[in-house]
Amino acid sequence: MNQPQQLRQARLHRQMLILMISSIMIFFVTTLPVSIRQIVAAYEISAGKTTDLIKIISDTSILTILLTLNYAINFYVHCLTSKLFRDEFIQCAKIIYRLAGCATGNNTININHTTIQSFANGNAQANIRHKQSHT
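Mapping the sequence shown onto numbering that gives the first Met the number 0, position 80 (from 1) lands on 79, and the numbers just tick up by one.
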């Protein structure tokens, strides 16, 4: 390997390490409180301590919301920490955009027999044609 390839490889490894460490930290921050609360609640109930079940349920529901945020947060962490992930995500978004037919200059949107030319070709004016039905 020559020098530029080694630098690129080292940068890629550093990005992946940062991504992995941040994902692990977010995982623990979002999942550990739920587990701890469940263990404490089970201990309180089994020990026969006076417990407020409504408080346990409300605490668990709030912590479950935190737990579900783990999945949403991970996407943003991936976007923020990895240029490779951002580049791949943008490429996938472009492919989906093209497959949906949004990138050709010949796009039209048909609404109630009215054809509106899309702005994909950079035209600032919309060409609107009304199709008359042949009855």
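Every residue, glycine too, gets a C-beta built ideally from N, C-alpha and C. Values in this document were obtained by computation on a predicted structure and should not be read as measured data.
Over what stretch of residues does the alpha helix (DSSP H) that includes asparagine 69 continue unbroken? For asparagine 69, the uninterrupted alpha helix (DSSP H) run begins and ends at 52–80, by DSSP.
If I follow the unbroken alpha helix (DSSP H) through asparagine 99, where does it start and stop? In the sequence under discussion, the amino acid at residue 99 is alanine, which differs from the asparagine named in the question. Annotation for alanine 99: no alpha helix (DSSP H) segment contains it, and DSSP assigns it neither H nor E.
Where does threonine 63 land, buried or exposed, given buried means 16+ other C-beta within 10 angstroms? Threonine 63 is exposed by the Cβ-count criterion.
Using only the alpha-carbon positions, how far apart do serine 45 and isoleucine 38 sit? The alpha-carbon atoms of serine 45 and isoleucine 38 are separated by roughly 11 Å.
Classification of threonine 29 by the beta-carbon crowding that lies within 10 angstroms, buried from 16 upward: Buried is the call here.
Pick out whichever of Met24, Gly100, Asp58 has its Cα sitting closest to the Cα of alanine 40. Checking every option, the nearest Cα to that of alanine 40 belongs to Asp58.
Please classify threonine 172: is it buried, with 16 or more other beta-carbons within 10 angstroms of its beta-carbon, or exposed? A query on residue 172 cannot be resolved here, the shown segment of the chain reaching from 0 to 134 and no further.
Check whether isoleucine 25 and isoleucine 72 have beta carbons under 8 Å apart: Yes, these two residues count as a Cβ contact at 8 Å.
Does the region 50–57 come close enough to the region 86–95 that 3 or more CB-CB pairs lie under 8 Å? With a cut-off of 8 Å, the region 50–57 and the region 86–95 do not count as touching, because too few Cβ pairs lie within range.
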